[in-house]
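First comes the structure, then the notes that go with it.
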Amino acid sequence: MAKKPVDPLEAYNAKRDFAKTAEPAGKRAAGKGGNRFIVQKHDATRLHWDFRLEIDGVLKSWAVTRGPSPDPDDKRLAVRTEDHPLSYAEFEGTIPKGEYGGGTVMLWDRGTWAPIAGKSAKDLDKGHLHFTLEGERMKGEWIIFRLKPRGKETRENWLLRKVEDAFAEKGDVLVERGLTSVLTGRTMAEIEGDVKGAHSLKGKKGKAFAAEMEAAAKRNAKVAPARKKAGRAAQGAGGLPAFRTPQLATLVDSVPAGNGWMHEIKFDGYRALVATNGAEVRVYTRNGLDWTDKFAPLVRELARLELPPALIDGEIVAYDDKGNPDFSSLQKVLKRGHGAQDETTPLSFHAFDLLELDGEDLAALPNIERKERLHALLAQAKPPIHVADHVIGAGEKLFKAMCAAGQEGVISKRIDAPYQNRRSKSWLKVKCILRQEFVIIGWKKSSARGRPFASLLLAQNESKRLVYKGNVGTGFGGGAMEELAAAMGKLVVETPPAEVPREDRRGVTWIRPELVAEIAFAEFTAEGSVRHASFVGLRGDKPASQVVPERVEAAPEEGDAGAEVKISNRDRVIFPESGETKGMLADWYAQMAPLMLPFVGSRPVSLVRCPQGRGKKCFFQKHDSGSFGDHVRQVPIAEKDGHAEDYIYVEDAAGLLTCVQMGTIEFHTWGARVDDVEAPDRMIFDLDPDEGLGWDEVRRAARHLHDRLADIGLASFAMLSGGKGVHVVVPLMPGHSWEAHKDFARRFAEALSMAEPDRFIATMSKAKRVGKIFIDYLRNQRGATAVTPYSARARAGASVALPIAWGEFHQFDSAHPYSIRDAETLLRRAKGKGLAGWGFASQTLPDL
Numbered sequence: 001m002a003k004k005p006v007d008p009l010e011a012y013n014a015k016r017d018f019a020k021t022a023e024p025a026g027k028r029a030a031g032k033g034g035n036r037f038i039v040q041k042h043d044a045t046r047l048h049w050d051f052r053l054e055i056d057g058v059l060k061s062w063a064v065t066r067g068p069s070p071d072p073d074d075k076r077l078a079v080r081t082e083d084h085p086l087s088y089a090e091f092e093g094t095i096p097k098g099e100y101g102g103g104t105v106m107l108w109d110r111g112t113w114a115p116i117a118g119k120s121a122k123d124l125d126k127g128h129l130h131f132t133l134e135g136e137r138m139k140g141e142w143i144i145f146r147l148k149p150r151g152k153e154t155r156e157n158w159l160l161r162k163v164e165d166a167f168a169e170k171g172d173v174l175v176e177r178g179l180t181s182v183l184t185g186r187t188m189a190e191i192e193g194d195v196k197g198a199h200s201l202k203g204k205k206g207k208a209f210a211a212e213m214e215a216a217a218k219r220n221a222k223v224a225p226a227r228k229k230a231g232r233a234a235q236g237a238g239g240l241p242a243f244r245t246p247q248l249a250t251l252v253d254s255v256p257a258g259n260g261w262m263h264e265i266k267f268d269g270y271r272a273l274v275a276t277n278g279a280e281v282r283v284y285t286r287n288g289l290d291w292t293d294k295f296a297p298l299v300r301e302l303a304r305l306e307l308p309p310a311l312i313d314g315e316i317v318a319y320d321d322k323g324n325p326d327f328s329s330l331q332k333v334l335k336r337g338h339g340a341q342d343e344t345t346p347l348s349f350h351a352f353d354l355l356e357l358d359g360e361d362l363a364a365l366p367n368i369e370r371k372e373r374l375h376a377l378l379a380q381a382k383p384p385i386h387v388a389d390h391v392i393g394a395g396e397k398l399f400k401a402m403c404a405a406g407q408e409g410v411i412s413k414r415i416d417a418p419y420q421n422r423r424s425k426s427w428l429k430v431k432c433i434l435r436q437e438f439v440i441i442g443w444k445k446s447s448a449r450g451r452p453f454a455s456l457l458l459a460q461n462e463s464k465r466l467v468y469k470g471n472v473g474t475g476f477g478g479g480a481m482e483e484l485a486a487a488m489g490k491l492v493v494e495t496p497p498a499e500v501p502r503e504d505r506r507g508v509t510w511i512r513p514e515l516v517a518e519i520a521f522a523e524f525t526a527e528g529s530v531r532h533a534s535f536v537g538l539r540g541d542k543p544a545s546q547v548v549p550e551r552v553e554a555a556p557e558e559g560d561a562g563a564e565v566k567i568s569n570r571d572r573v574i575f576p577e578s579g580e581t582k583g584m585l586a587d588w589y590a591q592m593a594p595l596m597l598p599f600v601g602s603r604p605v606s607l608v609r610c611p612q613g614r615g616k617k618c619f620f621q622k623h624d625s626g627s628f629g630d631h632v633r634q635v636p637i638a639e640k641d642g643h644a645e646d647y648i649y650v651e652d653a654a655g656l657l658t659c660v661q662m663g664t665i666e667f668h669t670w671g672a673r674v675d676d677v678e679a680p681d682r683m684i685f686d687l688d689p690d691e692g693l694g695w696d697e698v699r700r701a702a703r704h705l706h707d708r709l710a711d712i713g714l715a716s717f718a719m720l721s722g723g724k725g726v727h728v729v730v731p732l733m734p735g736h737s738w739e740a741h742k743d744f745a746r747r748f749a750e751a752l753s754m755a756e757p758d759r760f761i762a763t764m765s766k767a768k769r770v771g772k773i774f775i776d777y778l779r780n781q782r783g784a785t786a787v788t789p790y791s792a793r794a795r796a797g798a799s800v801a802l803p804i805a806w807g808e809f810h811q812f813d814s815a816h817p818y819s820i821r822d823a824e825t826l827l828r829r830a831k832g833k834g835l836a837g838w839g840f841a842s843q844t845l846p847d848l
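Its first residue numbered 1, the sequence shown is counted upward by one per residue in UniProt numbering.
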């Protein structure tokens, strides 16, 4: 007798009582397209992420215990579970306790999957599958493979791993920052608290079951738009941000030296300012032209991110066959019209600055802080949307690498400079080969058959008139000559638009000076003409009247921010136990200023001053009448009695070093900025362990806070204090009062201590703290401060406060693993993807 075919959903149905659970009963079905994947965050007996692939009409399923990781070095255990029906793919809600899988279920990701070329879904039977995902969070190549069973082990243990590609990232950012449903925008706590989101199917079959599923879908559809609309309203008042004149760079002859500069690749494309507000996106050229339609594929990608109101500065590029940004390739894409692109010439947007966010003007912030906020804003973005990488110091090394790779050059930016809507020397550009814009004023006839012209005559505007700059006769590839000839044929005039030497006039047809060309050349001759010129392409984003020569200036001789601050008594020993000197401390802050300024700059600051070293008298100072000098600023802040006092703040590296010169070791800042000290934007939970507790307890406590904050939709970041504890940092958008800020922190800390009274305490009492961890929420009241990231500590060993990624905790055995002697190591470490966007997130204070 033939065996009865095995029903893949038999195990699923056998484990569920459909009179109690809201889960759909399992039936084999054919899904639309047949290649869906979903991930459901599932808080059952223990929190896990259910990864499911649609194969043969069912959802093949694995429980990933710690969630998917984008880090190829981080293999995640994935326990194979029973197949699920396709009707489960949109389920979000609650499963009654006592049922199999009872708990809260969030639709965490969804999209499509496909086996890589040469592979198929049948490879699962062999114990492995190599595939690609196109989801809202998970993208690119992945591998899942089965482990050999150990002993009498009955469950199927698999490993899920990201493959190294453009979507790979260090750290665990997918799980840490993906805190809301892709279906409804809700947090786990909101889903659990939604009474109407629980649907009983007791006794319901056929049409009754279908009706209940439809009711559940309608509930989620009703919640989703209301949630998203409310979220956008809370984040910012605005509509689409208006265009602003972009900042331009000054051309110099060499890369500036020192850690006062950050260096980026100079992309060979079109400058673009992108305005966003949810699904609405506008793309402007550097002169304010609306080119949204020309870049439609990128606009669609940006719209999918549903960003808050923001104005982003960057460059749109296309790539040549070698993978380099190439202006000519970009022009070919644009000439096809309607924003068309194909696989051979895809468009990409490389964002490098953030001018406005949620109605807040960011232009006055330091370059480095704007870049960090940009990283946070685009944390979930994937190619073709990029945040331009940068290096701090080592600019000459980057420049040489770019030139060797055939790139255009580098842009160098002062880390502490504001955004200026003009050309300035706080942005510098260094080119591997000279490239400038010229106005075409005519063409010379060609004697060669089929060649419409021999060369183009060029000019630039000087002293309100066009000045002849020679000609270009090479670089016209891919039909460029025919297109140019057609464009120039419509502009023919009788007289030359500029004064041209007699010997260069022969055989020239003159045209109106309207076409702008980009030309690469070796140098200007003594007569002012271009030498070894090559045509790059026409530019439609700049009028001919604005084409002027770029004069190459000398690069600044000293690039270190704060170099003008002289440090006296550099050999004075500040840390007697380990021998670090005042000079070493000053060097630490000079090097780490780029990393510190996003957190210490333009905030009221309290200094720990130890003029004779940490072994002598130390004291806090937060007021100043001007004795620190010009680099340390003052802001008047009203005290409780209504009287205003001048508080200290710094804006740049020179300010930091001035404080060090005055004996400062530590920097502690408010949770608000000086431009609005009544609007807190940073919440700190300081985990202070009792003397008898070990480091493992502290690590587990920090992770526990992270998880509970994630439950209510708040992304958080970890910082080793440099002492014995950990700070859990929660960045927030301003818009609430200090009273609300402190009240939220207090209630959150008290809720944790009430839930686990043997582990946590939310009061300062030393007597009651024995064997527990004090959750210090008092740093979240007006006037309170917390040590800033990368600040040195006035402790033995010259330890430092260190931001870390959540996945790095296992690497450290204390809260003070590094000292001021480790600047180079920490600078390299800070450039890793795991710390990109650390300490910044666009999120608002929720109800608790």
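All residues carry an ideal CB built from backbone N, CA and C; glycine is no exception.
Best match in the options for proximity to residue i [C-alpha to C-alpha]
i       : options                            : result
Trp-806 : Leu-59, Gly-101, Arg-177           : Arg-177
Gln-546 : Thr-285, Leu-585, Gln-460          : Gln-460
Lys-139 : Val-333, Ile-38, Glu-518, Gly-442  : Ile-38
Gly-111 : Phe-131, Glu-136, His-128          : Glu-136
Gln-621 : Asp-571, Arg-614, Ala-242, Cys-610 : Cys-610
Gly-528 : Gln-420, Val-439, Tyr-468, Glu-577 : Tyr-468
Asp-389 : Ser-412, Ala-405, Cys-403          : Ser-412
Gln-247 : Ala-554, Asp-194, Ala-363, Arg-451 : Ala-363
Residue burial classification, residue i (beta-carbon count within 10 angstroms, cutoff 16)
i       : result
Asn-277 : buried
Val-493 : exposed
Ala-233 : Per-residue confidence for Ala-233 stands at a pLDDT of 34, beneath the threshold of 50, marking its modelled position as unreliable; no derived number is given.
Ala-230 : For Ala-230, the predicted model reports a pLDDT of 36, less than 50, meaning its position is unreliable; a value from the coordinates is still stated below. Ala-230 is exposed by the Cβ-count criterion.
Ser-329 : buried
Asn-569 : exposed
Gly-559 : For Gly-559, the predicted structure reports a pLDDT of 48, less than 50, and the residue's modelled location is therefore unreliable. A value from the coordinates is still provided. Its Cβ being crowded by 16 or more others within 10 Å, Gly-559 is buried.
Gln-811 : exposed
Gly-393 : buried
Asp-313 : buried
Phe-619 : exposed
Beta-carbon contacts of residue i that lie in its chain and below 7 Å, excluding the five residues immediately before and after
i       : result
Val-632 : Asp-624, Ile-648, Val-650, Gly-655, Thr-658, Cys-659
Pro-689 : Glu-697, Val-698, Lys-724, Gly-725, Ile-773
Glu-301 : Pro-384, Ile-385
Thr-180 : Arg-186, Thr-187, Gly-713
Between the CA atoms of residue j and residue i - distance to the nearest angstrom
i       : j       : result
Gly-473 : Arg-512 : 19 Å
Ala-63  : Gly-101 : 11 Å
Gln-612 : Glu-580 : 13 Å
Gln-843 : Leu-732 : 5 Å
Asn-259 : Asp-504 : 49 Å
Glu-82  : Ser-737 : 50 Å
His-643 : Val-635 : 13 Å
Ser-753 : Ala-762 : 6 Å
Helix, strand or coil at residue i according to DSSP, with G and I counted as helix
i       : result
Val-175 : helix
Val-635 : strand
Ala-784 : coil
Ile-143 : strand
Ser-799 : strand
Ala-275 : strand
Arg-769 : helix
Lys-831 : coil
Glu-564 : coil
Cβ-based neighbour list, residue i, same chain, cut-off 6 Å, excluding 5 preceding and 5 following
i       : result
Met-596 : Tyr-790
Arg-76  : Val-64, Arg-66, Ser-69, Leu-160
Asn-780 : Met-683, His-741, Lys-742, Ala-745
Gly-783 : none
Sequence-distant residues of its chain with Cβ nearer than 8 Å to residue i (five each side left out)
i       : result
Val-639 : A small fix is needed here, since residue 639 is Glu in this sequence, not Val. These residues qualify, in order along the chain: Glu-645.
Gly-31  : Bear in mind that the predicted position of Gly-31 carries a pLDDT of just 45, short of 50, making it too unreliable to give a figure here.
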